[in-house]
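Note sheet for the following structure.
Residue numbers (our numbering): 287 to 711.
As structure tokens, this is what we get:
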């Protein structure tokens with residue numbers, strides 16, 4: 287199957303510039319995607335562009351992963367209702383290092399191969415360009431009318447927040463990235479999320495006007511959940527690719543708890559299973575949805591891709607211990623079971639406080655399982671907290687040493703799937 291046909295059936299193409307498909311059939315093509323270093327880890331919203339680069343390389347083309355060291359200092363207004371806080375240089379450099387390390391896990395950088403992946407940082411070329419040079423050599427090629435017509439600009443200008451010149455310039459800076467890579471790396475294609483179409487086409491236009499060159503673009507849809515809620519968010523916040531921010535167990539649970547409608551779409555996008563395999567799984571799932579065949583395979587494939595075979599095994603084992611026999615008492619879990627639960631968030635808590643006893647709301651707040659007593663109280667009152675697999679019925683319940691499993695542990699459950707192991711020390 288041709289690359290574009292493959293991406294179409296997976297639902298990974300939103301807009302595609304005429305001529306792009308022909309270019310990819312004609313020759314090995316270099317393409318890039320930009321990643322903003324707004325944090326020191328990417329989250330699962332970045333998985334789609336990462337997977338695009340992987341598909342691209344598997345099809346014989348050459349991918350460039352661009353980390354926006356310069357544009358990260360500015361902030362992209364696309365899809366944003368207000369301006370980002372600007373990062374200081376130390377934070378930005380830490381974020382860039384973290385993002386680069388993650389991207390290097392997914393792409394093949396073997397320089398002996400013609401289509402070896404490359405990393406780039408746009409700070410490397412922007413650091414030597416003066417403001418006057420940029421205005422003279424780049425700004426003169428793109429009109430204000432052209433830039434104002436972009437949706438990302440129009441929406442912000444018409445909003446109460448408005449748009450700073452800093453953010454307005456982002457479009458031109460991203461366009462220059464494409465031009466620089468075109469000139470220096472023979473890069474003829476930029477890919478990104480659908481909210482990037484305006485910025486990407488500014489790059490193709492700059493290449494056309496500045497050097498009479500031909501460049502191409504395509505975008506993928508922004509992932510949304512079937513129920514309308516934001517993709518990649520849980521009660522705990524973002525689902526990160528960094529295992530210290532989101533454990534492999536939590537990561538696995540996110541995919542395992544996908545709705546049937548989401549799992550059917552996501553298994554095409556987030557795995558490398560063939561069309562035949564996916565169609566077979568969907569058919570099997572529809573014949574017996576209760577087995578959650580789609581969700582299990584989705585969770586396995588994505589966790590293995592991001593965290594590796596060993597962490598997948600640990601996540602599956604932990605899930606089995608916690609969920610296989612929900613009616614079994616917590617007391618039936620051995621010390622080895624509890625201590626071997628890879629990925630469950632673990633906290634230490636002062637044993638002397640448990641000797642004296644502490645009310646459950648204070649306990650939940652002090653362990654940071656909840657960010658505040660108010661939120662802990664509200665969730666307990668709503669029946670959303672269990673300790674040692676027994677639902678907490680009252681906010682004045684005392685947590686003391688008599689509740690400890692094996693004289694050391696408390697197993698706390700928040701909601702349906704978030705488990706915490708508290709050790710008395």
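Where a beta carbon is used, it is the ideal one built from N, C-alpha and C, also for glycine. For clarity, every value in this text was computed on a predicted model and none was experimentally measured.
- Listed in chain order, the alpha helix (DSSP H) runs fully inside the stretch 583-661 are 595-609, 621-625, 637-642 and 646-652, counting runs of at least 4 residues.
- For residue 699, the secondary structure class from DSSP, reduced to helix, strand or coil, is strand.
- Membership of residue 500 in any beta strand (DSSP E) is not indicated, and neither H nor E is assigned to it by DSSP.
- Residue burial annotation: residue 474 is buried, with at least 16 other C-beta atoms found within 10 angstroms of its C-beta.
- Separation of the CB atoms of residue 321 and residue 352 is rounded to 7 Å, and the pair is thereby assigned contact status at 8 Å.
- At the C-beta level, residue 555 and residue 568 stay beyond 9 Å of one another.
- The residues 314, 343, 346, 347 and 348, in chain order, have a CB closer than 7 Å to that of residue 401 in the same chain once the five nearest residues on each side in sequence are set aside.
- Contact between residue 476 and residue 318 holds, since their C-beta atoms are separated by about 6 Å, short of 8 Å.
- In this model, residue 305 and residue 707 are separated by some 55 Å (Cα to Cα).
- Counting only residues of its own chain and dropping the five nearest sequence neighbours on each side, residue 296 has a CB closer than 6 Å to the CB of 554 and 555.
- With fewer than 16 other Cβ atoms inside 10 Å of its own Cβ, residue 421 counts as exposed.
- Listed in chain order, the alpha helix (DSSP H) runs fully inside the stretch 323-390 are 333-344, counting runs of at least 4 residues.
- For residue 414, there is no enclosing alpha helix (DSSP H), as DSSP gives it neither H nor E.
- When the beta-carbon positions are compared, residue 337 and residue 298 come within less than 9 Å of each other.
- Contact check for residue 339 against residue 388 fails: the beta carbons are separated by 9 Å or more.
- A direct Cα-Cα distance of roughly 10 Å separates residue 471 from residue 406.
- Annotation for residue 547: 512 place their beta carbon closer than 6 Å to its own, counting only its chain and skipping 5 residues before and after.
- At a Cβ-Cβ threshold of 9 Å, residue 673 and residue 699 count as neighbours.
- Excluding sequence positions up to five before and after residue 309, its CB lies within less than 8 Å of the CB of 315, 474, 475 and 502, all in the same chain and listed in chain order.
- The shortest C-alpha to C-alpha distance from residue 625 to any of 604, 302 and 393 is the one to 604.
- Taking the Cα of residue 684 as reference, the smallest distance to any Cα among 668, 677 and 649 is reached at 649.
- C-alpha of residue 445 to C-alpha of residue 678: approximately 46 Å in a straight line.
- Listed in chain order, the alpha helix (DSSP H) runs fully inside the stretch 407-468 are 409-412, 417-423, 430-434, 437-444 and 451-454, counting runs of at least 4 residues.
- CA-to-CA, the gap between residue 453 and residue 442 works out to about 10 Å.
- Taking a contact to require three or more Cβ pairs closer than 8 Å, the stretch 529-547 and the stretch 566-584 qualify as touching.
- The Cβ neighbour count for residue 410, taken over all protein chains shown within 10 Å, is under 16; the residue is labelled exposed.
- Looking only at 412, 507, 332 and 462, the smallest Cα-Cα distance to residue 487 is reached by 462.
- Taking the Cα positions, residue 451 is about 21 Å away from residue 414.
- Boundaries of the alpha helix (DSSP H) around residue 290: 289-295.
- Each of 350, 711, 666 and 671 was checked against the Cα of residue 687, and the nearest Cα belongs to 711.
- Short of 7 Å from the beta carbon of residue 518, and not among the five residues preceding or following it, lie these beta carbons of its own chain, in chain order: 329, 330, 331, 524 and 525.
- Around the beta carbon of residue 562, fewer than 16 other beta carbons lie within 10 angstroms, which makes this residue exposed.
- Looking at the backbone, the Cα of residue 479 and that of residue 335 are separated by about 7 Å.
- The Cβ atoms of residue 428 and residue 469 lie no closer than 9 Å to each other.
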